[in-house]
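Reviewing the structure listed below.
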Amino acid sequence: MNRLTTWFSAGLLALSLALAAPVHAQQPLKIGFGMSLTGPLAGNGKAALIAMQIWAEDVNAKGGILGRKVELVYYDDQTNPSTVPSIYNKLLDVDKVDLLVSGYGTNVIAPAMPIVMQRNMAFMGLFGLNVNSKFNYDRYFQIMPAGPEPAIGWTQGFFDTAMALAPKPQTIALVGADAEYPALALEGARAQAKRTGLKVVYDKTYPPNTVDFSPILRAIQATNPDLVFVASYPPDSAGMVRAANEVGLKTRMFGGGMVGPQFAALKTQLGPLLNGIVNYETFAPDVAGKFPFLDQFLAKYQGRAVKEGVDPLGFYLPPYAYAMMQVLEQSIKAVGALDQAKLADYMHTYEFDTFVGKVRFAKNGEWAVPRMLTVQYHGIAGNDLEQWMKPGHVTVLAPASYKTGAIMAPYHDNKK
Amino acid sequence: MSNRTFAAAAFTIALAIVVASRFIPNDYFFSAAYTVLQFIILATAWNILGGYTGYVNFGSAAFFAVGAYSTVFLYKALHPPLPVMILAGTLAAGVLGLAVGYLTLRMRGVFFAIATLALSVVLYTFVVNWDYVGGARGAYILQPREVPFGLRRYIHLLYSAMVLMTALALVVARAIETSFIGRGLAAIRDDELAAECAGVPTLRLKLFSATVSGALMGMAGTTFPFYLSYVEPSAAFNLSYAVNSIAMPLIGGMMSWVGPLIGAVLLGTVQQVVQVTISSAWNLLIVGVLLVLFVTLAPNGIMGWVDAWRRRRKR
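Each protein sequence line maps, in turn, to chains A and B.
Numbering that gives the first Met the number 0 applies: residue 0 is where the first sequence begins, and numbers increase by one.
Numbering that gives the first Met the number 0 applies: residue 0 is where the second sequence begins, and numbers increase by one.
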């Protein structure tokens, strides 16, 4: 009998502890997303994930949000859009996350939109291109600084810089890959050419798996354009730059919309071949003063990135992935709750102070004012990474408030 | 069991599954099941030409994409109801299948396989340069806000349509297998010249097989634009469709309609589970190892292994 009483008491104690536990222990605040950890965009996805993990650690070190520790719940979307619906449904229905953010890029943001909209969730997007133009969802926000009209905002700096050249350029060649981003960038470039009165002397696309770009560059050279605007993904960007050097391309400005030179891999691979090229960046050490506190983040990021084997510079995407989470954090703290409608209202109304500067959202959820940096590379010698970490090799040409110097034109005379 | 009885049973079970699923509150089930069902149709369809007839088709993604892009085209042009888009996509892919059937006149074995791969590249290039369906930028296909039949969400409708289409694909595959057509296709697979000499109408049967196979693969793609809401060429022509359509019948067994079903359920479910449990580069490795193991240990697939086991027991 005595033994039975002991067992009964122990059982009762265990039961009461189990019931009491949820009351005393605060549930973590779960933020869910899919991220490309394998597949073609895994390099960017992993870099963004490191940034988001650093943010979660920083926030938890300060006691979390609303007194709750932050927990990131994420799955590998394999850079495959068809995995996205089931990932986001699982996050909501099985993992019961409190908030959602997107993975990297348009392809994986768009498939999540119907689910997010059905649940009326506020949704932060990471580098999606004009995703909300069709959905018109008033709780969608996007952290890439391309502005309310991304196609225009993306190309604005290149064309503003070009039209300030003396004498004014008359002709332009447009070339890009048959893929999603290049198509949008070329669309923007065509609109800018029309606006500025430039005559388009070459406007062609190439298949995404093209490896030899010399014939393309020779065909462009035959039209003798004043400007050459290129919209390409990293492998083609490398091919284009190499081909331009092989062919000895003669033009006043070359570049514009090449994805790739923003990353350490291409910066070190191409090295001096990048000299003279005008392209876009989202950060440059030359304007570090305009990004207060970013150096603290980059120091943490760069230490981890080397171990994880991802972009060791982390200038392009990681600061914005961190900033995306800062927007969410500041909104929740200001609203004091996880009410999705109030969070979205707050994001629409107020300006955010983030590691990438002040961020204010337009009605469609994009940045209210575009802030893509148009830069020119110069003085690059050798292929070491160190030179890219210091100011002096990247002149910011636009926007005006970030300008650090004047363009050196023509391209073919400034390849050093 | 006669084909009619099987068809009645298959559609009754499909309807029962659709009705029973209404009580599942979890949307994750519907999206994960949608993907697995999509692979069942693709594997079953591939097996009609690849397994029954012995013509290996590496262009499954092209047929799938034809189904998907016919929906995109119709959505933009006429905005018809979903069943019309499913029917149109199935017919369009069937016509492409017929064209592929004519390829078998001159090509066999590895040459045919490469030709189907090339077909996929040709169609990809065509779609990339066709601006009306979004071209390289892709197209947005918005899910309607009103969902019919009292369903809560549009994914429930897509899932229900997929269940019924899966039943149809299985009924068609079984009917072909158990009829004179199936026997003719088996003869072509074993020795086409001998089959021709024995009076098997090889061309007609191959055309039929390629058309039905293509049509069913296209059918699997017709609801895909609504599932994703955004279709761009690299998603619709994704290599995973071509690889899975071959791997699943290989694992399940290519000699009967049950093989692709088992292979697709097994591999599709493993992929879904691994994706949300391991969630790293390891998931690709695990699926790869599983494939190698099955191909090595059970070269005739699970059904082949089961048949061999049965034969041993009888002895």
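All C-beta atoms in this analysis are idealised placements derived from N, C-alpha and C, irrespective of residue type, glycine included.
All of these numbers come straight from a predicted model, not from anything done at the bench.
Going by other Cβ atoms of all chains shown within 10 Å of its Cβ, with 16 needed for buried, is residue i buried or exposed?
i	result
tryptophan 153/A	buried
asparagine 363/A	buried
leucine 384/A	exposed
arginine 251/A	buried
valine 18/B	exposed
threonine 295/B	exposed
asparagine 278/A	buried
asparagine 223/A	exposed
tyrosine 101/B	exposed
arginine 144/B	exposed
valine 210/A	exposed
histidine 155/B	buried
glutamate 179/A	buried
glutamate 444/A	The structure shown does not extend to residue 444/A, since chain A spans only 0 to 415, so no value can be given for it.
tryptophan 256/B	buried
Since I believe residue j is in contact with residue i (beta carbons under 8 Å), could you give me their beta-carbon distance rounded to a whole number of angstroms?
i	j	result
glycine 124/A	proline 369/A	Between proline 369/A and glycine 124/A the Cβ distance is about 16 Å, and since that is not below 8 Å, they are no contact.
asparagine 299/B	alanine 172/B	That belief does not hold up - the Cβ atoms of asparagine 299/B and alanine 172/B are roughly 18 Å apart, past 8 Å.
phenylalanine 253/A	proline 233/A	Contact doesn't hold; Cβ gap of about 17 Å is too wide.
phenylalanine 134/A	methionine 116/A	7 Å
phenylalanine 236/B	alanine 60/B	5 Å
leucine 185/A	alanine 230/A	5 Å
glycine 137/B	tyrosine 229/B	6 Å
leucine 36/B	valine 146/B	Not a contact, Cβ separation roughly 19 Å.
valine 374/A	alanine 283/A	6 Å
glycine 96/B	threonine 210/B	4 Å
Spatial neighbours of residue i within its chain, please: C-beta separation below 8 Å, excluding the five flanking residues on both sides.
i	result
alanine 246/B	Gly262, Leu266 and Leu290
valine 22/A	In this prediction, valine 22/A has a pLDDT of 43, which is less than 50 and means its spatial position is unreliable; what the coordinates show is noted afterwards. Once the five neighbours on either side are set aside, valine 22/A has no close Cβ partner at all.
phenylalanine 57/B	Ala112, Ile113, Thr115, Leu116, Ser119, Ala241 and Ile245
glutamate 195/B	Thr201
isoleucine 187/B	Thr52, Gly53, Ala194, Val199, Thr201, Leu204 and Lys205
arginine 67/A	Gln25, Gln26, Pro27 and Leu28
serine 15/A	Confidence is the limiting factor: at serine 15/A the pLDDT is only 46, short of 50, which leaves the residue's position unreliable and the question unanswerable from this model.
leucine 40/A	Thr78, Tyr103 and Gly104
alanine 367/A	Gly146, Pro147, Arg359, Phe360 and Ala361
Where DSSP assigns a beta bridge to residue i, which residues make up the other side?
i	result
tryptophan 366/A	Phe360/A
glutamine 141/A	Gly124/A
threonine 394/A	Gln375/A
isoleucine 30/A	Leu71/A and Leu98/A
asparagine 382/A	DSSP output for asparagine 382/A lists no bridge partner at all.
glutamate 280/A	Leu372/A
alanine 172/A	Tyr201/A and Val227/A
tyrosine 321/A	BP columns for tyrosine 321/A are empty, so no partner.
isoleucine 64/A	Arg67/A
Closer than 7 Å by C-beta to residue i: which residues in its own chain qualify, once you throw out the five before and the five after it? Chain order, please.
i	result
alanine 320/A	Ala47, Ala50, Met51 and Leu125
valine 246/A	Ser213, Leu216, Arg217 and Gln220
alanine 20/A	Note on alanine 20/A: pLDDT 45, under 50, position unreliable in the model; the coordinate value appears next. Excluding positions up to five away in sequence, the list is empty.
aspartate 76/A	Gly33, Met34, Ser35, Thr82, Val83, Ile86, Gly102 and Val107
phenylalanine 158/A	Gln191 and Thr195
glycine 187/A	Ala150, Ile151, Trp153 and Thr154
lysine 414/A	Asn274 and Gly275
Going by C-alpha to C-alpha distance, which of the options sits closest to residue i?
i	options	result
threonine 43/B	Asn2/B, Gly134/B and Val170/B	Val170/B
methionine 371/A	Lys332/A, Asn88/A and Leu316/A	Leu316/A
leucine 141/B	Asp137/A, Gly127/A and Pro113/A	Pro113/A
arginine 21/B	Thr165/B, Leu150/B and Ile285/B	Leu150/B
phenylalanine 354/A	Phe228/A, Lys68/A, Gln329/A and Met239/A	Gln329/A
methionine 388/A	Phe228/A, Gly196/A and Asp285/A	Asp285/A
glycine 127/A	Lys193/A, Leu183/A, Lys203/A and Leu98/A	Leu183/A
isoleucine 53/A	Phe296/A, Phe282/A, Val258/A and Met143/A	Phe296/A
lysine 249/A	Ala408/A, Gly63/A, Gly62/A and Gly378/A	Ala408/A
valine 305/B	Gly258/B, Ile154/B and Val286/B	Gly258/B
alanine 55/A	Tyr73/A, Asp225/A and Leu226/A	Tyr73/A
proline 144/A	Phe360/A, Leu396/A and Ala380/A	Phe360/A
tyrosine 68/B	Leu122/B, Phe293/B and Leu284/B	Leu122/B
phenylalanine 292/A	Ala322/A, Thr267/A, Asn274/A and Asp225/A	Ala322/A
glutamate 191/B	Phe223/B, Met106/B, Val273/B and Met216/B	Met106/B
leucine 14/B	Arg3/B, Gly96/B and Ala166/B	Ala166/B
proline 80/A	Gly38/A, Val93/A and Val69/A	Gly38/A
Give a yes or no on whether the minimum CB-CB distance between residue i and chain C is below 7 Å.
i	result
arginine 152/B	No chain C is part of this structure, whose protein chains are labelled A and B.
Beta-carbon within less than 6 Å of residue i's beta-carbon, same chain only, minus the 5 sequence neighbours each way: which residues are those?
i	result
tyrosine 74/B	Ile140
glycine 378/A	His392
valine 432/A	Within the shown structure, residues of chain A are numbered from 0 to 415, placing residue 432/A beyond reach of any answer.
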